[in-house]
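Visitor: Here you go, one structure.
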Amino acid sequence: LQLARPENLNQALALGAKAVKSLPFVADGPPSGGLVQSSPQSGYAVTTSFSGTTSAWYDEDASSLTFAYYLLPLRQNITLTSDGNGGILVDGTFRPPDVEWLD
(Lines of atoms letter the chains of each structure in order from A; the text may use other names.)
(Lines give C-alpha, C1' and ligand atoms only; values in the text may rest on other atoms or scores of the structure.)
Protein backbone atom coordinates (compact mmCIF):
# COMPACT_ATOMS: atom_id res chain seq x y z
CA LEU A 21 0.00 0.00 0.00
CA GLN A 22 1.44 3.35 -0.98
CA LEU A 23 -0.20 6.60 0.03
CA ALA A 24 -0.14 9.61 -2.25
CA ARG A 25 1.36 12.76 -0.76
CA PRO A 26 -1.12 15.69 -0.92
CA GLU A 27 0.06 18.57 -3.07
CA ASN A 28 -1.28 21.28 -0.76
CA LEU A 29 -3.15 21.88 2.50
CA ASN A 30 -6.58 21.96 0.85
CA GLN A 31 -5.99 18.56 -0.74
CA ALA A 32 -4.78 17.15 2.61
CA LEU A 33 -7.94 18.47 4.29
CA ALA A 34 -10.10 16.94 1.56
CA LEU A 35 -8.41 13.57 2.23
CA GLY A 36 -9.36 13.79 5.93
CA ALA A 37 -6.30 15.42 7.49
CA LYS A 38 -6.94 17.70 10.45
CA ALA A 39 -5.20 21.07 10.84
CA VAL A 40 -5.09 23.12 14.01
CA LYS A 41 -3.59 26.56 14.55
CA SER A 42 -2.62 28.09 17.87
CA LEU A 43 -0.93 31.25 19.05
CA PRO A 44 2.79 30.92 19.87
CA PHE A 45 3.52 30.09 23.51
CA VAL A 46 6.32 28.92 25.78
CA ALA A 47 5.59 25.75 27.73
CA ASP A 48 6.34 26.66 31.32
CA GLY A 49 8.47 24.21 33.23
CA PRO A 50 9.30 24.35 36.92
CA PRO A 51 11.88 26.93 38.03
CA SER A 52 15.40 25.59 38.48
CA GLY A 53 18.85 26.31 39.86
CA GLY A 54 17.89 28.42 42.85
CA LEU A 55 18.62 28.54 46.54
CA VAL A 56 16.34 28.82 49.55
CA GLN A 57 18.06 29.89 52.75
CA SER A 58 16.74 30.13 56.29
CA SER A 59 18.14 32.39 58.98
CA PRO A 60 18.90 31.25 61.59
CA GLN A 61 19.48 27.65 60.46
CA SER A 62 18.28 26.21 63.75
CA GLY A 63 16.02 27.31 66.55
CA TYR A 64 12.96 26.44 68.55
CA ALA A 65 9.35 26.38 67.46
CA VAL A 66 7.33 29.39 68.61
CA THR A 67 10.28 31.13 70.34
CA THR A 68 12.71 31.58 67.41
CA SER A 69 11.91 33.96 64.56
CA PHE A 70 13.00 32.64 61.17
CA SER A 71 13.30 34.44 57.87
CA GLY A 72 13.77 32.94 54.44
CA THR A 73 15.43 34.24 51.30
CA THR A 74 15.53 32.93 47.76
CA SER A 75 18.04 33.68 45.02
CA ALA A 76 19.44 32.56 41.66
CA TRP A 77 16.25 30.94 40.35
CA TYR A 78 15.77 30.58 36.59
CA ASP A 79 12.33 30.56 34.99
CA GLU A 80 10.96 31.58 31.60
CA ASP A 81 8.98 34.32 33.37
CA ALA A 82 10.83 35.00 36.64
CA SER A 83 8.50 37.92 37.48
CA SER A 84 5.65 35.43 37.96
CA LEU A 85 7.43 33.26 40.55
CA THR A 86 5.75 33.00 43.94
CA PHE A 87 6.99 31.13 46.98
CA ALA A 88 5.19 29.33 49.77
CA TYR A 89 6.50 27.63 52.88
CA TYR A 90 4.84 24.58 54.35
CA LEU A 91 5.18 22.80 57.66
CA LEU A 92 5.09 19.10 56.86
CA PRO A 93 4.45 16.70 59.73
CA LEU A 94 7.18 14.18 60.56
CA ARG A 95 6.46 10.68 61.73
CA GLN A 96 7.56 9.66 65.21
CA ASN A 97 11.20 8.67 65.87
CA ILE A 98 12.63 11.10 63.31
CA THR A 99 14.90 14.02 64.16
CA LEU A 100 16.25 16.76 61.92
CA THR A 101 19.49 18.60 62.69
CA SER A 102 21.70 21.04 60.83
CA ASP A 103 24.84 19.67 59.18
CA GLY A 104 26.57 23.04 59.78
CA ASN A 105 26.76 23.81 56.05
CA GLY A 106 23.15 24.73 55.35
CA GLY A 107 21.96 21.15 54.90
CA ILE A 108 19.74 18.95 57.02
CA LEU A 109 20.63 15.63 58.62
CA VAL A 110 17.81 13.14 59.13
CA ASP A 111 18.03 10.53 61.87
CA GLY A 112 15.56 7.70 61.24
CA THR A 113 13.65 6.68 58.14
CA PHE A 114 12.21 9.64 56.31
CA ARG A 115 9.39 9.30 53.80
CA PRO A 116 8.11 12.55 52.28
CA PRO A 117 4.41 13.11 52.97
CA ASP A 118 1.90 12.88 50.15
CA VAL A 119 1.11 16.45 49.09
CA GLU A 120 -1.47 17.62 46.57
CA TRP A 121 0.51 20.49 45.00
CA LEU A 122 -2.13 21.51 42.46
CA ASP A 123 -4.92 22.45 44.87
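Per my numbering, the sequence shown runs over residues 21 to 123. The beta-carbon is built from N, C-alpha and C at its ideal position, and this holds for glycine as well. Keep in mind it's a predicted model, so treat the numbers as computed, not measured.
1) When DSSP labels each residue in this structure, what does residue 42 get in the three-state scheme?
2) Can you tell me where the alpha helix (DSSP H) holding residue 33 begins and where it ends?
3) Looking at residue 72: is its Cβ nearer than 8 Å to the Cβ of residue 58?
4) Please list, in chain order, all residues of the same chain as residue 66 whose beta carbon is under 7 Å from its beta carbon, the five residues on each side excluded.
5) Which residues in the same chain as residue 107 place their Cβ atom closer than 8 Å to its Cβ, once the five residues preceding and following it in sequence are excluded?
6) Can you tell which of 70, 91, 62 and 47 has the C-alpha that lies nearest to the C-alpha of residue 81?
7) Quick check: residue 101 and residue 91, are their CB atoms within less than 8 Å of each other?
8) Rounding to the nearest angstrom, what Cα-Cα distance links residue 53 and residue 78 in this structure?
9) In this structure, what does DSSP give as the bridge partners for residue 111?
10) Helix, strand or coil for residue 62 per DSSP?
Guide: With the structure as the only source:
1) coil
2) 29-34
3) yes
4) none
5) none
6) 47
7) no
8) 6 Å
9) 99
10) coil
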